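Chemist: This is the structure I have questions about; it appears just below.
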Amino acid sequence: MTTSSLAGAGAVDSLALSVPTGLWIGGRSRSASDGSAFAVLDPATGEELAQVSSASVDDALAAVDAASGAAAAWAAVAPRQKAEILRRAFELMIERQEDLARLITMENGKALADSRSEVAYAAEFFRWYSEEAVRIQGTLETAPSGANRILVLHQPVGVALLITPWNFPAAMATRKIGPALAAGCTMVLKPASETPLTALALVALLEEAGVPAGVVNVIPSKRSGALSRALLADERVRKISFTGSTEVGRVLLELSAKTVVNASMELGGNAPFLVLASADLDAAVAGAMVAKLRNGGEACTAANRFFVHRSIAEEFSKRLADAMRALVVGPGLDAHTNIGPLVNDETRAKVASLVDGAVGEGARVLVGGHAVAGAGSFYEPTVLIDVAPGSAILQEEIFGPVAPVVVFDDVAEAIRLANATEYGLVSYVYSADLAEGLRVSEALESGMVGLNRAVVSDPAAPFGGVKQSGLGREGGHEGVLDYLESKYIAVSW
Ligand code: NAD
Numbered sequence: 018m019t020t021s022s023l024a025g026a027g028a029v030d031s032l033a034l035s036v037p038t039g040l041w042i043g044g045r046s047r048s049a050s051d052g053s054a055f056a057v058l059d060p061a062t063g064e065e066l067a068q069v070s071s072a073s074v075d076d077a078l079a080a081v082d083a084a085s086g087a088a089a090a091w092a093a094v095a096p097r098q099k100a101e102i103l104r105r106a107f108e109l110m111i112e113r114q115e116d117l118a119r120l121i122t123m124e125n126g127k128a129l130a131d132s133r134s135e136v137a138y139a140a141e142f143f144r145w146y147s148e149e150a151v152r153i154q155g156t157l158e159t160a161p162s163g164a165n166r167i168l169v170l171h172q173p174v175g176v177a178l179l180i181t182p183w184n185f186p187a188a189m190a191t192r193k194i195g196p197a198l199a200a201g202c203t204m205v206l207k208p209a210s211e212t213p214l215t216a217l218a219l220v221a222l223l224e225e226a227g228v229p230a231g232v233v234n235v236i237p238s239k240r241s242g243a244l245s246r247a248l249l250a251d252e253r254v255r256k257i258s259f260t261g262s263t264e265v266g267r268v269l270l271e272l273s274a275k276t277v278v279n280a281s282m283e284l285g286g287n288a289p290f291l292v293l294a295s296a297d298l299d300a301a302v303a304g305a306m307v308a309k310l311r312n313g314g315e316a317c318t319a320a321n322r323f324f325v326h327r328s329i330a331e332e333f334s335k336r337l338a339d340a341m342r343a344l345v346v347g348p349g350l351d352a353h354t355n356i357g358p359l360v361n362d363e364t365r366a367k368v369a370s371l372v373d374g375a376v377g378e379g380a381r382v383l384v385g386g387h388a389v390a391g392a393g394s395f396y397e398p399t400v401l402i403d404v405a406p407g408s409a410i411l412q413e414e415i416f417g418p419v420a421p422v423v424v425f426d427d428v429a430e431a432i433r434l435a436n437a438t439e440y441g442l443v444s445y446v447y448s449a450d451l452a453e454g455l456r457v458s459e460a461l462e463s464g465m466v467g468l469n470r471a472v473v474s475d476p477a478a479p480f481g482g483v484k485q486s487g488l489g490r491e492g493g494h495e496g497v498l499d500y501l502e503s504k505y506i507a508v509s510w
């Protein structure tokens with residue numbers, strides 16, 4: 018069934034998983050039509066893990082043929098049957114959690130503990146949408162005039178193009194595939210070229226769970242620009258759901274305009290983390306460690322800017338630096354590792370230049386501040402204090418284990434600073450005064466707020482951003498609505 022030609026010295030081959038390395042189209046793995054392939058690298062060593070086929074435009078259109086051919090039959094599958102398939106996929110992911118986690122660490126680099134959490138989180142989207150699949154409800158009302166009834170039902174939006182990033186190779190895929198399957202859509206998934214193996218392992222697992230051939234197609238490719246142009250010009254594609262940078266999201270929105278494709282965008286973040294004067298410092302430091310370092314800092318939800326009240330700023334920063342100093346940086350597969358490498362050298366160079374820029378503008382380094390010498394894309398966990406308000410590190414996503422701290426004097430100023438960004442994905446607030454915490458949460462311009470809580474991601478809750486962090490929501494009941502159209506039937510009887 019698979020073309021498992023993995024190079025990684027037995028590392029990937031040793032997993033009890035089917036990991037195809039070809040394109041997955043119409044229920045089978047095959048090479049790219051022009052024979053192209055690309056290397057997937059281990060970020061801890063820079064060594065090649067596998068050669069994966071690189072889809073051409075012709076291959077991408079073949080994937081749409083497969084998705085479109087399977088659409089009517091999948092839409093007609095009974096909700097209960099869809100639910101059972103999704104439930105089985107959840108169970109298979111949990112059974113194979115350890116192997117899936119190892120695969121994620123191999124291609125993404127993150128510490129194994131982070132990968133295990135990701136698999137558990139990713140699997141929950143299949144469980145949640147197995148439950149939602151049987152609860153897609155319409156409405157029936159009497160029109161205000163009394164002349165007729167208003168019947169509203171939901172239908173699948175059609176073939177969906179799903180594009181995912183490398184930072185959560187499993188969860189960003191299941192957060193789209195789960196609701197799309199529950200809604201009755203068929204799909205073409207293009208995973209990030211840094212981490213295509215996890216998506217390929219997932220599609221094999223989905224078909225084992227009972228998803229019919231052609232319903233989920235996976236097309237890794239190094240030619241994502243050409244592919245998205247061709248796919249979004251194809252009128253059979255009626256939905257795009259993209260998770261990635263705001264920059265690429267803008268390009269895809271422009272392309273979607275031509276064929277008026279229904280677009281959901283989960284884009285970049287620049288999360289503020291506010292520590293108000295009343296905050297419980299122990300809880301705030303523990304929360305800061307999680308909000309900053311989950312996934313090694315490579316998360317759209319990562320706390321990017323710490324605004325701390327002057328009365329506690331030195332103490333908070335010192336404790337945060339002490340906690341970061343205690344972390345072990347090393348290869349993700351090592352049992353003691355807390356922080357793995359960044360995904361590649363380019364990402365590390367960006368982190369280093371943001372830190373160097375902030376230090377050049379007067380920031381003090383409490384811990385870290387440097388790339389780790391030697392092989393692999395490692396960067397030291399870092400705390401910066403007295404960061405100048407205009408520094409680039411406060412404007413851009415850091416995407417690494419670096420915490421810049423800015424001191425504030427009053428809450429209104431903290432809110433103004435927090436909102437001074439084009440992004441609006443998530444914010445964090447620590448306050449022992451719940452009324453104050455809720456008032457500040459309401460004033461923050463973000464789609465989500467963690468109030469005395471460092472993790473907001475939950476398959477049962479609507480995840481998404483405002484401003485230039487995105488359009489639409491994933492997870493919760495809202496997540497399935499993104500893959501449905503409302504059909505209104507005016508009826509008299
Ligand atoms: P990216 O935008 O570079 O790439 C994301 C995906 O888009 C990849 O599959 C990539 O191959 C593809 N891509 C790149 N150019 C394309 C084009 N022209 N047409 C079609 N596809 C194209 O992002 P990344 O570096 O993989 O991921 C990091 C970014 O993702 C960060 O900005 C992060 O905040 C964001 N992110 C957001 C969320 C969220 O839910 N809001 C979640 C995770 C990551």
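For what it's worth, this note's numbering labels the leading residue of the sequence shown as 18, then goes sequentially.
Cβ coordinates follow ideal geometry from the N, Cα and C atoms, glycine included.
Small disclaimer: the values here were computed from a predicted structure and weren't measured.
#1: Find out if the Cβ-Cβ distance for the pair A340, V424 is shorter than 8 angstroms.
#2: What would DSSP say about Y500, mapped onto helix, strand or coil?
#3: For the beta strand (DSSP E) holding T159, just list the boundary residues, first then last.
#4: Report yes if the C-beta distance between D131 and R311 is below 8 angstroms; otherwise report no.
#5: Considering only the beta carbon of each residue, do A477 and G493 sit closer than 8 angstroms?
#6: Assuming I153 is part of the alpha helix (DSSP H), what are its boundary residues?
#7: If you follow the alpha helix (DSSP H) that S281 is part of, which residue opens it and which one closes it?
#8: What did DSSP end up calling E491 once you bin it into helix, strand or coil?
#9: CA-CA distance, I167 and S503?
#10: With a threshold of 16 other CB atoms inside 10 Å of the CB of P418, please say whether the residue is buried or exposed.
#11: Taking the alpha-carbon positions, what's the R152 to L170 distance?
#12: I'd like to confirm something about P196: is its beta-carbon nearer than 7 angstroms to some heavy atom of the ligand NAD, or not?
#13: Rank G39, A33, L468, K239 by C-alpha distance to the C-alpha of G304 and give the top, closest one.
#14: Between I180 and the ligand NAD, is the CB less than 7 angstroms from at least one heavy atom?
#15: Using only the alpha-carbon positions, how far apart do A26 and A84 sit?
#16: Consider the C-beta atom of E502 and the heavy atoms of the ligand NAD; say whether any pair is separated by less than 7 angstroms.
#17: Drop a sphere of 10 angstroms on the beta-carbon of Q485, count the other beta-carbons inside from all chains shown, and report buried for 16 or more, exposed for fewer.
#18: For a minimum of 4 consecutive residues, which ranges assigned as the alpha helix (DSSP H) are wholly contained in the stretch 315 to 354?
#19: What does a CB cutoff of less than 8 angstroms around Q114 pick up in its chain, not counting 5 residues either side in sequence?
#20: Just the Cα atoms here: how many angstroms apart are A33 and V232?
#21: Determine the closest residue to V254 out of L337, L272, G313, with distance taken between C-alpha atoms.
#22: Cα separation between I121 and V508?
#23: Measure from the alpha carbon of A49 to the alpha carbon of each residue in V29, D76, L109, P37, then state which is nearest.
#24: What are the partner residues of A288, as DSSP defines its beta bridges?
#25: In the DSSP assignment, the beta strand (DSSP E) including L178 goes from what residue to what residue?
#26: Residues in the same chain with beta-carbon distance under 6 angstroms from S31, minus the five sequence neighbours each way, listed in chain order, please.
#27: Starting from R267, trace the alpha helix (DSSP H) both ways and give me its first and last residue.
#28: From this set, V345, N321, V389, E224, which residue's C-alpha is nearest N436's C-alpha?
#29: Look up Q412 in the DSSP assignment and say whether it is helix, strand or coil.
#30: Which residues in the same chain as R105 place their Cβ atom closer than 7 angstroms to its Cβ, once the five residues preceding and following it in sequence are excluded?
#31: Between P348 and G393, what straight-line distance do the alpha-carbon atoms span, to the nearest angstrom?
#32: Starting from N436 and walking both ways along the alpha helix (DSSP H), at which residues does that stretch end?
#33: For the alpha helix (DSSP H) containing S147, name the first residue and the last one.
#34: Apply the 10 Å Cβ neighbour rule to K275 and answer buried if 16 or more other Cβ atoms are within range, or exposed otherwise.
#35: Alpha carbon to alpha carbon, what distance is there between L270 and V428?
#36: In or out: S180 buried (at least 16 other Cβ within 10 Å) or exposed?
Modeler: Let's see:
#1: The count along the sequence shown starts at 1 and reaches residue 340 at position 323. The count along the sequence shown starts at 1 and reaches residue 424 at position 407. No, the Cβ-Cβ distance between A340 and V424 is not below 8 angstroms.
#2: Locating residue 500 in the sequence shown gives position 483, counting from the first residue. Here Y500 sits in coil by DSSP.
#3: Working through the sequence shown from its first residue, we reach residue 159 at position 142. Element bounds for T159: 156 to 159.
#4: Here residue 131 corresponds to residue number 114 of the sequence shown, with the count starting at 1. Here residue 311 corresponds to residue number 294 of the sequence shown, with the count starting at 1. Yes, they are a contact pair.
#5: On the sequence shown, position 460 is the one that residue 477 refers to. On the sequence shown, position 476 is the one that residue 493 refers to. In this structure, G493 lies closer than 8 angstroms to A477 by Cβ.
#6: Taking the first residue of the sequence shown as 1, we reach residue 153 at position 136. No alpha helix (DSSP H) contains I153, which DSSP labels as neither H nor E.
#7: Here residue 281 is taken as the residue at index 264 of the sequence shown, counted from 1. Here S281 belongs to no alpha helix (DSSP H); instead the beta strand (DSSP E) covers 279 to 283.
#8: Counting from 1 along the sequence shown, the entry for residue 491 is found at position 474. Here E491 sits in strand by DSSP.
#9: The residue labelled residue 167 in the question sits at position 150 within the sequence shown. The residue labelled residue 503 in the question sits at position 486 within the sequence shown. Their Cα atoms are separated by approximately 12 angstroms.
#10: The count along the sequence shown starts at 1 and reaches residue 418 at position 401. Buried, since its Cβ has 16 or more Cβ neighbours within 10 Å.
#11: The residue given as residue 152 occupies position 135 in the sequence shown. The residue given as residue 170 occupies position 153 in the sequence shown. Using only the alpha carbons, I get a separation of about 12 angstroms.
#12: For the purposes of this step, residue 196 is identified with residue 179 of the sequence shown, where counting begins at 1. Answer for P196: no, Cβ out of range of the ligand NAD.
#13: Looking up residue 304 in the sequence shown gives position 287. Out of G39, A33, L468, K239, L468 has the C-alpha closest to the C-alpha of G304.
#14: Sequence index remark: in the sequence shown, residue 180 carries index 163 (1-based). Yes, the beta carbon of I180 sits closer than 7 angstroms to at least one heavy atom of the ligand NAD.
#15: Position 9 of the sequence shown holds residue 26. Position 67 of the sequence shown holds residue 84. With a pLDDT of 40 at A26, under the threshold of 50, the modelled position of this residue cannot be trusted, and the question is left open.
#16: Residue mapping note: residue 502 aligns to position 485 of the sequence shown, counting from 1. No; taking the cut-off as 7 angstroms, the Cβ of E502 has no heavy atom of the ligand NAD nearer than that.
#17: By 1-based counting over the sequence shown, the position of residue 485 is 468. Flag for Q485 reads buried.
#18: 327 to 342
#19: To locate residue 114, count along the sequence shown from 1; it is residue 97. For Q114, where only same-chain residues beyond five positions count, the Cβ hits under 8 angstroms are R133, V136, A137, A140.
#20: Indexing the sequence shown from 1 puts residue 33 at position 16. Indexing the sequence shown from 1 puts residue 232 at position 215. For A33 and V232, the distance between alpha carbons rounds to 24 angstroms.
#21: Translated into the one-based positions of the sequence shown, residue 254 becomes position 237. The shortest Cα separation from V254 among L337, L272, G313 belongs to L272.
#22: Position 104 of the sequence shown holds residue 121. Position 491 of the sequence shown holds residue 508. Rounded to the nearest angstrom, the two C-alpha atoms are 52 angstroms apart.
#23: Working through the sequence shown from its first residue, we reach residue 49 at position 32. Checking every option, the nearest Cα to that of A49 belongs to D76.
#24: Taking the sequence shown and counting its residues from 1, one reaches residue 288 at position 271. Answer is A320, bridged to A288.
#25: Position 161 of the sequence shown, counted from the first residue, corresponds to residue 178. Segment 176 to 180, the beta strand (DSSP E) holding L178.
#26: One-based indexing of the sequence shown puts residue 31 at position 14. Once the five neighbours on either side are set aside, S31 has no close Cβ partner at all.
#27: In the sequence shown, the residue the question calls residue 267 occupies position 250. From DSSP, the alpha helix (DSSP H) with R267 extends over 263 to 276.
#28: As a working note, residue 436 is residue 419 in the sequence shown. The option with the nearest alpha carbon to N436 is N321.
#29: On the sequence shown, position 395 is the one that residue 412 refers to. Residue state, collapsed to three classes: coil.
#30: Walking along the sequence shown from the start, residue 105 turns up at place 88. Cβ within range, chain order: A226, G227.
#31: By one-based count along the sequence shown, residue 348 stands at place 331. By one-based count along the sequence shown, residue 393 stands at place 376. Cα-Cα distance, rounded: 8 angstroms.
#32: As a position in the sequence shown, residue 436 is number 419, starting the count at 1. 428 to 436 is the extent of the alpha helix (DSSP H) around N436.
#33: Locating residue 147 in the sequence shown gives position 130, where the first residue counts as 1. Where S147 is concerned, the enclosing alpha helix (DSSP H) stretches over 129 to 149.
#34: Your numbering for residue 275 matches position 258 in the sequence shown. Exposed.
#35: If you number the sequence shown from 1, residue 428 lands on position 411. If you number the sequence shown from 1, residue 270 lands on position 253. Cα to Cα, the separation comes out at about 36 angstroms.
#36: What you label residue 180 is simply residue 163 of the sequence shown in a count that begins at 1. According to the sequence shown, residue 180 is Ile rather than Ser. Counting Cβ neighbours within 10 Å, I180 comes out buried, since at least 16 surround it.
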